[in-house]
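Novice: Each residue of the sequence shown is one higher than the last, beginning at 36 in the working numbering.
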Amino acid sequence: MADTSEAVQPQLIEDEIAELKRKLEDAQGRLDAVNDKTSRVSSEPTVSNNVYQPSPSSHFLLLLADSALPLGSFAFSSGLESYLAHTRPPSFPTFLTLSLSSHASATLPFVLAAHRSPEQLLTLDDTLDAAIMCTVGRRASVAQGRALLSIWDRSFCNSVPPSNHASDAALKALKEFSVLLRSANASTDDLPPASAHLAPLFGVIARITGVGEQEMAYVYMLSHVKALLSAAVRASVFGPYQAQKLLASREDNIIHLSWASTSPITLLLPSQEGVDSKHNCTKMMTPEEILRSITTFLQDHVYRFNIADVPPIVFGWMREHPGQTVFHIINGVMVFTPGALTVPLLASMGWATSGPVGSSVASWIQSKIGIVGARTVFAYLQSARMGGYGAPAVNGFVQAFGVAAEGAASVYSYFNSTGSAV
Numbered sequence: 036m037a038d039t040s041e042a043v044q045p046q047l048i049e050d051e052i053a054e055l056k057r058k059l060e061d062a063q064g065r066l067d068a069v070n071d072k073t074s075r076v077s078s079e080p081t082v083s084n085n086v087y088q089p090s091p092s093s094h095f096l097l098l099l100a101d102s103a104l105p106l107g108s109f110a111f112s113s114g115l116e117s118y119l120a121h122t123r124p125p126s127f128p129t130f131l132t133l134s135l136s137s138h139a140s141a142t143l144p145f146v147l148a149a150h151r152s153p154e155q156l157l158t159l160d161d162t163l164d165a166a167i168m169c170t171v172g173r174r175a176s177v178a179q180g181r182a183l184l185s186i187w188d189r190s191f192c193n194s195v196p197p198s199n200h201a202s203d204a205a206l207k208a209l210k211e212f213s214v215l216l217r218s219a220n221a222s223t224d225d226l227p228p229a230s231a232h233l234a235p236l237f238g239v240i241a242r243i244t245g246v247g248e249q250e251m252a253y254v255y256m257l258s259h260v261k262a263l264l265s266a267a268v269r270a271s272v273f274g275p276y277q278a279q280k281l282l283a284s285r286e287d288n289i290i291h292l293s294w295a296s297t298s299p300i301t302l303l304l305p306s307q308e309g310v311d312s313k314h315n316c317t318k319m320m321t322p323e324e325i326l327r328s329i330t331t332f333l334q335d336h337v338y339r340f341n342i343a344d345v346p347p348i349v350f351g352w353m354r355e356h357p358g359q360t361v362f363h364i365i366n367g368v369m370v371f372t373p374g375a376l377t378v379p380l381l382a383s384m385g386w387a388t389s390g391p392v393g394s395s396v397a398s399w400i401q402s403k404i405g406i407v408g409a410r411t412v413f414a415y416l417q418s419a420r421m422g423g424y425g426a427p428a429v430n431g432f433v434q435a436f437g438v439a440a441e442g443a444a445s446v447y448s449y450f451n452s453t454g455s456a457v
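(1) Can you check the segment 158-214 for any alpha helix (DSSP H) of at least 4 residues that lies completely inside it and give the ranges in chain order?
(2) Enumerated in chain order, which unbroken segments of the alpha helix (DSSP H) with a length of 4 residues or greater are wholly contained in the segment 233-266?
(3) Give the range of the alpha helix (DSSP H) segment to which histidine 356 is assigned.
(4) Is the segment 163-178 close to the segment 242-262, with three or more CB pairs under 8 Å?
(5) Find the nearest neighbour of cysteine 192 within the set Ile243, Ser134, Ala110, judged by alpha-carbon distance.
(6) Taking the straight line between their C-alpha atoms, what separation do you get for aspartate 203 and proline 153?
(7) What's the call for phenylalanine 145, buried or exposed, on a 16-neighbour Cβ count within 10 Å?
(8) Does the segment 119-135 come within contact of the segment 171-182, defined as at least 3 CB pairs closer than 8 Å?
(9) Do you know offhand how far leucine 157's Cα is from glutamine 359's?
(10) For arginine 151, report the span of its alpha helix (DSSP H) as first-last.
(11) Is the beta carbon of cysteine 149 less than 7 Å from the beta carbon of valine 239?
(12) If leucine 184 sits next to alanine 231, beta carbons under 8 Å apart, how far is it from one beta carbon to the other, in whole angstroms?
(13) Can you tell me whether leucine 133 is helix, strand or coil according to DSSP?
(14) If we define contact as Cβ-Cβ less than 7 Å, is alanine 141 a contact residue for chain C?
(15) Give the straight-line distance between the Cα atoms of glutamate 250 and serine 102, rounded to the nearest whole angstrom.
(16) Taking C-alpha atoms, which residue in Pro347, Arg354, Pro105, Pro275 lies nearest to arginine 181?
(17) What does a CB cutoff of less than 7 Å around serine 213 pick up in its chain, not counting 5 residues either side in sequence?
(18) Do you know offhand how far leucine 159's Cα is from leucine 147's?
(19) Report back the beta-carbon spacing between leucine 99 and alanine 241 to the nearest angstrom; my notes put them in contact at under 8 Å.
(20) So, with DSSP's three-state summary, where would you put leucine 106?
(21) Which residue from Ala443, Asp71, Lys261, Gly107 puts its Cα closest to that of isoleucine 186?
(22) When you compare each of Gln277, Ala270, Met353 to glycine 114 by their alpha carbons, which one comes out closest?
(23) Who are the near neighbours of leucine 216 in its chain, counting only those whose CB is closer than 6 Å to its CB and skipping five residues on each side?
(24) Tell me whether arginine 57 sits in a helix, a strand or coil according to DSSP, three-state version.
(25) Taking glutamate 154 as part of the alpha helix (DSSP H), name the residues at either end of that continuous run.
(26) Please report the distance separating the alpha-carbon of asparagine 70 from that of aspartate 50.
(27) If I follow the unbroken alpha helix (DSSP H) through phenylalanine 95, where does it start and stop?
(28) Which class does threonine 331 belong to by DSSP, given the choice of helix, strand or coil?
(29) Relative to the alpha-carbon of methionine 353, which residue among Ile364, Glu248, Phe127 has its alpha-carbon at the smallest distance?
(30) Whose C-beta lies closer than 6 Å to the C-beta of histidine 138 among residues of the same chain, with five residues either side of it excluded?
(31) Quick one: Cα of serine 190 to Cα of phenylalanine 95, how far?
(32) For phenylalanine 350, which three-state DSSP category applies?
(33) Take the Cβ of glutamine 44 as the centre, count every other Cβ of all protein chains shown within 10 Å, and call the residue buried at 16 or more, exposed below.
(34) Output needed for lysine 313: all residues of its chain with C-beta closer than 7 Å, excluding positions within five of it in sequence on either side, in chain order.
(35) Does the distance from the CB of alanine 278 to the CB of leucine 263 come in under 7 Å?
(36) Going straight from the alpha carbon of alanine 205 to that of valine 195, what length do you get?
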């Protein structure tokens with residue numbers, strides 16, 4: 036009996052082991068099935084719901100920077116055609132640098148001022164209209180400004196999301212300006228109250244759409260660069276690939292330099308926190324202030340001159356060259372001295388090389404007598420502002436007189452020597 040129980044016990048153990056092996060194989064099969072299903076699911080492509088949603092300001096910034104924005108800038112070359120016709124050999128990089136500097140100095144301050152104080156849109160537009168003397172430049176600025184205003188009315192205005200109180204004030208100013216412009220177009224008045232220049236309108240629309248100040252200024256200058264490059268490609272200066280190379284290589288630094296050297300037009304605007312107001316002035320300079328400025332200039336630069344400070348070598352040169360000394364003295368008395376005395380006065384009144392400065396006596400006079408009536412007088416005063424009181428004409432006359440006198444003396448000496456020989 037004992038032998039039988041001992042023989043059955045190993046058999047039970049073997050059966051238990053077999054059962055455990057079967058369960059282990061079954062568990063291993065289930066594990067492999069789960070792992071295989073997981074690997075198939077992970078290899079299938081998945082679609083994420085985290086799609087990039089740009090802010091409204093970034094969206095409108097891209098719209099304003101779009102080359103397809105129908106402003107009509109392709110119709111104007113900003114002086115490039117004249118430069119190519121009158122400069123031999125022409126250098127487009129030089130022209131581009133100078134054009135950017137001029138554009139930043141003449142119009143970018145109005146963009147910044149309109150962005151900071153949109154309620155001054157009409158005043159800034161009128162001031163810029165008085166400051167632009169070139170008829171072609173004025174026509175280009177007005178055409179592009181009205182095109183931008185038309186784009187706003189037809190496309191952008193209904194897409195702007197609800198904004199803060201500051202943008203609401205800018206929107207109100209833009210609506211009032213648009214109504215005033217339409218009423219001016221319907222009337223027969225020769226002097227409309229609004230012109231719709233591009234620079235201040237660009238600043239106000241950027242403010243409404245929430246575009247930041249620096250981003251707005253960069254896009255504004257970049258648009259000018261792209262317009263110049265497009266004009267250069269049309270004029271066969273270079274091809275489109277070279278244009279993109281120029282756009283990608285060096286113009287970023289030029290734009291940043293133009294931004295760094297530009298301050299907003301604050302002469303017409305009240306001081307604001309965070310704004311450099313060292314040039315702020317709510318009115319034009321009075322005659323007393325102008326005279327005080329001239330007096331300070333004379334005291335600092337003219338009255339302090341002492342002949343004892345002149346190096347002895349200068350007097351030695353004067354003794355050796357008496358004729359040239361007299362010539363330079365005449366030039367100094369007749370030409371350069373008037374310039375030294377009046378240049379500070381004209382600068383204080385607002386005359387500059389690129390036109391009258393906004394909120395100055397110069398721009399006020401031009402707004403009263405008009406561009407045509409002011410052109411001749413302004414050209415002379417701008418030249419005088421740079422000390423150009425006919426200096427080239429005086430020098431040329433004196434040099435021509437010297438050449439004629441020398442030629443007459445030579446002819447006289449020739450005939451005199453011939454007569455003596457006979």
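Every residue gets a Cβ at the ideal spot worked out from N, C-alpha and C, and that includes glycine.
All figures in this text were calculated on a predicted structure; none of them were measured in a lab.
Specialist: A quick look at the data gives this:
(1) You should have 170-186.
(2) Complete alpha helix (DSSP H) runs here, min 4: 233-243.
(3) Per DSSP, histidine 356 belongs to no alpha helix (DSSP H) and is neither H nor E.
(4) The segment 163-178 vs the segment 242-262: no contact.
(5) That would be Ile243, whose Cα lies nearest to the Cα of cysteine 192.
(6) Roughly 10 Å between the two C-alpha positions.
(7) Under this definition phenylalanine 145 is a buried residue.
(8) Because the criterion of three Cβ pairs below 8 Å is not met, the segment 119-135 and the segment 171-182 do not touch.
(9) Across the structure, leucine 157 and glutamine 359 are spaced so that their CA atoms are roughly 56 Å apart.
(10) Run containing arginine 151: 143-151, per the alpha helix (DSSP H) assignment.
(11) For clarity, residue 149 is alanine in the given sequence; the question names cysteine instead. Yes, these two residues count as a Cβ contact at 7 Å.
(12) The Cβ separation is near 6 Å, so the contact holds.
(13) Under the three-state reduction of DSSP output, leucine 133 falls in the helix class.
(14) Protein chains in the displayed structure number just one, and chain C is not present.
(15) Each residue's alpha carbon lies about 16 Å from the other.
(16) Of the candidates Pro347, Arg354, Pro105, Pro275, the residue whose Cα lies closest to the Cα of arginine 181 is Pro105.
(17) Taken in chain order, the residues that qualify are Leu184, Asp188.
(18) The alpha-carbon atoms of leucine 159 and leucine 147 are separated by roughly 11 Å.
(19) Correct: roughly 7 Å between the Cβ atoms.
(20) Three-state result, leucine 106: coil.
(21) Per the Cα distances, Gly107.
(22) Nearest of Gln277, Ala270, Met353 to glycine 114, Cα basis: Ala270.
(23) The answer, listed in chain order, is Ala229, Ala231.
(24) Arginine 57: helix per DSSP, three-state reduction.
(25) Per DSSP, glutamate 154 is not a residue of any alpha helix (DSSP H), being assigned neither H nor E.
(26) Taking the straight line from one Cα to the other gives about 30 Å.
(27) 91-100 is the span of the alpha helix (DSSP H), which, as asked, contains phenylalanine 95.
(28) The DSSP-derived three-state label of threonine 331 is helix.
(29) Scanning Ile364, Glu248, Phe127 for the CA closest to the CA of methionine 353 turns up Ile364.
(30) Taken in chain order, the residues that qualify are His259.
(31) Roughly 12 Å between the two C-alpha positions.
(32) Three-state DSSP puts phenylalanine 350 in a helix.
(33) Of the other Cβ atoms in all chains shown, fewer than 16 fall within 10 Å of the Cβ of glutamine 44; this residue is therefore exposed.
(34) Any reading at lysine 313 needs caution, since the residue's pLDDT is 35, under 50, leaving its predicted position unreliable; the model's value is listed next. Excluding positions up to five away in sequence, the list is empty.
(35) Contact flag unset, no.
(36) Approximately 13 Å between the Cα atoms of the pair.
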